[in-house]
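**Student:** Read top to bottom, the protein sequences are chains A and B. Just so you know, the numbering used here puts 56 at position 56 of the first sequence, and the rest follows in order with no gaps. Just so you know, the numbering used here puts 1556 at position 556 of the second sequence, and the rest follows in order with no gaps. Just so it is clear, CB atoms sit at the ideal spot from N, CA and C, and this is done for glycine as well. Let me begin by handing over the structure; questions about it come next.
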Amino acid sequence: MRGLYIHIPFCISKCRYCDFYSLAGKTDLIEGYVSAVVREAEKYGGTSFKTMYVGGGTPSLLGPRRLADLVDGLRSHLQIDCLLEATIEANPESTDEDFLRMVRDIGFNRISIGVQSLDDDELKKAGRVHSSTQALKAIELAFNCGIDNVSADIIIGLPGQTVESLDNTLRKLVGIGLTHASVYCLSIEEGTAFAACPPADLPDDEFQASVYERVAGILKEYGFIHYEISNFALQGKECLHNLNYWRGGEYIGLGSSAASHVGGRRWKNEANLHAYMDDPLAAGIEEDIVDAETKMAEEAMLRLRLLEEGLDTGQLTMRYGLNEFKDLEKRLNILAGQKKLVKNGKRYKLAPGSILTSNHVFVDVIK
Amino acid sequence: MNNIRNFCIIAHIDHGKSTLADRILELTGLIRKASMEQMLDSMDLERERGITIKAKSVRIPYKSAGGAEFILNLIDTPGHVDFNYEVSRSLMACEGAVLLVDASQGVEAQTIANANLALDAGLKIIPVINKIDLPNAMVDDCSLQLYSMLGLHIEDILHVSAKEGTGVLELLDAIADRIPPPQGSSSDPLKCLIFDSFYDAYRGVIPHLRVFNGSLKAGDKIMLKSTEKVFEVEEVGYFSLGLTQAAGLNAGDVGYVVALIRNAGEIHVGDTVVSADHPEVPAIPGFRMSQPMVYCGVYPIITSDYARLGAALEKFKLNDSSITFEKETSAALGYGYRMGFLGLLHMEIALERLKREYEQDIIATMPSVIYKVATKNGETLMLDNPSKFPPEGQIEHIEEPMIRARVIVPSGFVGPCMELAEAKRGSLVGIEHPDDKRAILVYDLPLAEMITDFYDRLKSVSRGYASMDYEMNGYRSADLVKVDILVNNSAVDALSYISPKEGASIKGRALIYKLSKVIPRHQFKIPLQAAIGSQVIARADIFPMRKDVIAKCYGGDITRKRKLLEKQKEGKKKMKMVGFVEVPQEAFLSLMKIEE
């Protein structure tokens, strides 16, 4: 299964916690950027895809017309007519009815909305430019337009957040029919506004951890499956595009800073908007080629993120070979002995007690 | 011999010794400016720390302003108190010394210590004020200090900017004019002083010599006075930015000798070399074997690297014969070595070299001095490792090594410096006021306090202005106890330390607090305790780690995720497993950086 990712690195303003590649206030460049992406797509002419994901940044800043231009352009080079899933990310403030109709009309069947919180005070402190009312309205509009798989991003640990405000956010979202939720813990990354100027009322790790467990409990209560460390979905609404990442699948990323994985090779377009727009085919890439053992351990690490499905090492050895598995197997069994993984035949899963400290486990999984 | 001048440059750290040496080499045409990267400091580490660890020398041909030709032998000296003995031997190889003072800093503790060593060795001193190009240069103040603190004549002082080259040619002329030529006779029986050595994988240990009497050439048989061992000379030569073979070395010369000396333990700085035909020639006075003052345990992070570490230490010892090591076992850390060093700085440099040059992944334990422990059954034990201490009930009394420290400090900081010295169990020997701006405090202090954080604290209470020098000063009895540290309920012998009984629990609490910050959170709770015998004096818990980063793995950038994990894994590799707890290097040294 092959996925197509398109990165839209534009935002109205930079959120205070964000360290992704996105640029605020350069929306006049969108037009040119879209045509650069289409030019890059030409390089992969004829390739067919099963999933498509337009992420960012804020893809909803494209607006209906440029979104149509983008998809039409891609369609002229790539085979994207038999997609099982097409997702677009959107932020509430730039998600109106016209845009959503266009999203639906050109074939998107899933939308992921950057809600983060339904508490206006928390949103403001985090530097988000939308209100809780706008967020709820955007979700409702999406359903009304016939997009039946709607996901929301939720952040745990925002400044000023309380157990009550988070409960409220969650229950409102579930109440209006949300089908998927991505729940992240706030982490203060270098180079962000929060790192430069740490907020005083930042909830601590203990809060984040206990609240995370509470959130997982509430979502499960409403029938959500905790299918990946930070993702929850109603049955059948799991994000296929992202599942492909975690299963070590192939994908091509278009756009500045987008990552690709084809034929065992990973690479990433340079995060340099102007170089990309000058000539998307000449802009730099960062390659990442590793030996089979590293690759195998990397896939094991990714698959262990899938809490229900886990890692089937029988399948893994078929792909990479038994010899390459020897050391990895030792590492996995040590972790199983420490009860950080649960072993069942050839399948390993992250132990429930290790979900929140998964990095700690993954450090011991990788080569 | 009349045209030879043997000299060294002595200075406080960072007063510009290496820069001056470079400028001299450049102005005499020995090196081109482009390659001019502080030639005398060849070890990277020395460059980073701005100090010279091992003495080296270079032969510089020089034509003076008057047209006379000279051979200037510049003998480099280590610039730190740990190497005082080595400095004194290098000085003995010279007839004169350039005493360098930073114009913006003035006379400091090591300026005085080194000047006194030079005067004791009977050297002609050329006082030089360096860095006169600095905007905050205080040339007149420095001149007065040199006069009042060292009795040097103001009219003899030269003004130099080694950085810009100002006054350096005048300095070279002064070296030729003022420093006397070597005495001695090439026709007398051979008598040389070893002032340094280095190891060559093919030619063995190569001593650096100063010839006082006689001459030396290939084929001669030489004898080392300290061991009476005889070697045949294969080659002699001079240092000219490398080894330059020569037909012979004569009285007054400085050079090297290759004599297939395989065992680095044979060559000791300060030893006398004589001709095997004239073994009766007396040794040059002042020789002593270098004696380690500071010890620490060194353990491989991965237990199976033990043999590899041993091999690296053997090799290291060839290059630095002043380190010692012997096997040691720790219940917590497994098999390792107890290493001995001349002082704290020597230890830091040696451990860093072991990591970098010899590529060893090691954990070093808290440094310790040698305690003299008298037991109730009449034995006296010399113990360099707290974990070897007998139970308290068996100890009659404990003595610890002392130093006499000389601290130079601007008058305004005398109060805080005295408070610090007293907090560190110092007793005041005297205060001198060489001028109205500074005081010299003389304290007797336990060496153990010196090797923890005394120097750092001294710098901080004096805003960096205080400078210090010290010498060993015997043993003194003290009321000391051994403190054990328990991590996850089991005692970690490598964390045990010796503490004054008074204030032991305050220090113990501070250490436990520090450890609780330094040892990373695990997935289980880790209790930490400090105990004297069975009495717990401090405790804290490291709470379990509840979560790590759960962030968006965006756009499928798996590489970034993997690299972050790899970086974390690298950090983990630098930690030692003690039971089920991963303990970083920092924890073993946390006693050294306690904020009480």
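So if DSSP puts Gln1535 of chain B in a beta bridge, which residue, or which two residues, is it bridged to?
**Tutor:** B:Ile1532
**Student:** Since Leu1243 of chain B sits in a beta bridge, which residues does DSSP pair it with?
**Tutor:** B:Phe1239
**Student:** Nearest to Ser1330 of chain B by CA position, among B:Pro1500, B:Lys1063, B:Asp1076, B:Val1578, is which residue?
**Tutor:** B:Val1578
**Student:** With a cut-off of 8 Å, does the C-beta of Val1549 of chain B fall near any C-beta of chain A?
**Tutor:** yes
**Student:** Under the three-state reduction of DSSP, which class applies to Arg1338 of chain B: helix, strand or coil?
**Tutor:** strand
**Student:** Counting only runs of 3+ residues fully inside the region 1500-1587 of chain B, write out the beta strand (DSSP E) ranges in chain order.
**Tutor:** Taking only runs of at least 3 residues, the beta strand (DSSP E) segments lying wholly in the region 1500-1587 of chain B are 1526-1532, 1535-1542, 1575-1578, 1581-1584.
**Student:** What does Cys185 of chain A reach in chain B if we use C-beta pairs closer than 8 Å?
**Tutor:** In chain order: Lys1547, Val1549, Ile1550, Ala1551.
**Student:** Do Ile1194 of chain B and Pro1207 of chain B have their C-beta atoms closer together than 8 Å?
**Tutor:** yes
**Student:** How do the region 87-99 of chain A and the region 134-143 of chain A stand: do at least 3 beta-carbon pairs fall below 8 Å, yes or no?
**Tutor:** Result yes; three or more Cβ-Cβ pairs closer than 8 Å.
**Student:** Buried or exposed for Val262 of chain A, please, with buried defined as at least 16 other CB atoms from any protein chain shown within 10 angstroms of its CB.
**Tutor:** exposed
**Student:** Along the alpha helix (DSSP H) that carries Ala1307 of chain B, what are the first and last residues, could you check?
**Tutor:** 1306-1319
**Student:** Using a Cβ distance threshold of 8 Å, determine whether the region 283-297 of chain A contacts the region 205-224 of chain A, with at least three qualifying pairs required.
**Tutor:** no
**Student:** To the nearest angstrom, how far is the alpha carbon of Ala24 of chain A from that of Gly55 of chain A?
**Tutor:** 15 Å
**Student:** Mind checking the region 227-243 of chain A against chain B and listing, in chain order, the residues whose C-beta falls within less than 7 Å of any C-beta there?
**Tutor:** Ile229, Ser230
**Student:** Considering Arg1210 of chain B, what are the terminal residues of the beta strand (DSSP E) in which it resides?
**Tutor:** 1204-1213
**Student:** Could you tell me the alpha carbon to alpha carbon distance between Gly1426 of chain B and Ala1218 of chain B, rounded to whole angstroms?
**Tutor:** 54 Å
**Student:** Out of B:Arg1288, B:Leu1241, B:Leu1428, B:Glu1432, which one is the CA nearest neighbour of Gly1029 of chain B?
**Tutor:** Nearest of B:Arg1288, B:Leu1241, B:Leu1428, B:Glu1432 to Gly1029 of chain B, Cα basis: B:Leu1241.
**Student:** Compute the Euclidean distance between the alpha carbons of Gly1016 of chain B and Asn359 of chain A, then round it to the nearest angstrom.
**Tutor:** Looking at the two C-alpha atoms, the distance is approximately 49 Å.
**Student:** For chain A, is any of its Cβ atoms less than 8 Å away from the one on Val1583 of chain B?
**Tutor:** no
**Student:** Would the beta-carbon of Tyr276 of chain A fall within 8 Å of that of Ser260 of chain A?
**Tutor:** Not a contact, by the Cβ cut-off of 8 Å.
**Student:** Once you ignore the five residues that flank Glu228 of chain A on each side, which residues in its own chain have a CB closer than 6 Å to its CB?
**Tutor:** Arg305, Leu306
**Student:** Please give me, in chain order, every unbroken run of the alpha helix (DSSP H) with length at least 4 that falls completely inside the region 1155-1195 of chain B.
**Tutor:** 1168-1178
**Student:** Measuring only the C-alpha atoms, how far is Arg2 of chain A from Thr169 of chain A?
**Tutor:** 35 Å
**Student:** Measure the beta-carbon distance from Ser1088 of chain B to Leu1117 of chain B and round it to whole angstroms, keeping in mind my assumption that it falls under 8 Å.
**Tutor:** 5 Å
**Student:** Between Asp1557 of chain B and chain A, is the shortest Cβ-Cβ distance under 8 Å, so that the two count as touching?
**Tutor:** Among the residues facing chain A, Asp1557 of chain B is included, as its CB has a counterpart in that chain under 8 Å away.
**Student:** With distances taken between CB atoms, is the gap from Tyr1062 of chain B to Leu1172 of chain B smaller than 8 Å?
**Tutor:** yes
**Student:** Counting only C-beta atoms, is Leu356 of chain A closer than 8 Å to chain B at any point?
**Tutor:** yes
**Student:** Taking 7 Å as the cut-off, is the CB of Leu1117 of chain B close to at least one heavy atom of the ligand COA?
**Tutor:** For the structure depicted, the ligand COA is absent and the ligand set is empty, with no information on it obtainable.
**Student:** Once DSSP output is grouped into helix, strand and coil, what is the label at Thr1077 of chain B?
**Tutor:** Coil at Thr1077 of chain B, not helix or strand.
**Student:** When you compare each of B:Asn1006, B:Val1298, B:Phe1198 to Ala1176 of chain B by their alpha carbons, which one comes out closest?
**Tutor:** B:Asn1006
**Student:** How long is the line joining the alpha carbons of Phe1231 of chain B and Met1289 of chain B, rounded to whole angstroms?
**Tutor:** Cα to Cα, the separation comes out at about 20 Å.
**Student:** What residue from B:Pro1135, B:Glu1026, B:Ala1531, B:Ile1009 has the CA that sits closest to Glu1095 of chain B's CA?
**Tutor:** B:Ile1009
**Student:** Would you check if the distance between the CB atom of Leu254 of chain A and the CB atom of Tyr53 of chain A is smaller than 8 Å?
**Tutor:** no
**Student:** Give the DSSP-derived three-state secondary structure of Tyr222 of chain A in the structure shown.
**Tutor:** coil
**Student:** Under 7 Å Cβ to Cβ from Ser374 of chain A, same chain only, skipping five residues before and after it: list those, please.
**Tutor:** For chain A, the structure presents residues 1 to 367; residue 374 of chain A sits outside this window and is missing.
**Student:** Can you tell me whether Leu1511 of chain B is buried or exposed? The criterion is at least 16 other CB atoms within 10 Å of its CB, across all chains shown.
**Tutor:** The residue is buried, with at least 16 neighbouring Cβ atoms inside 10 Å.
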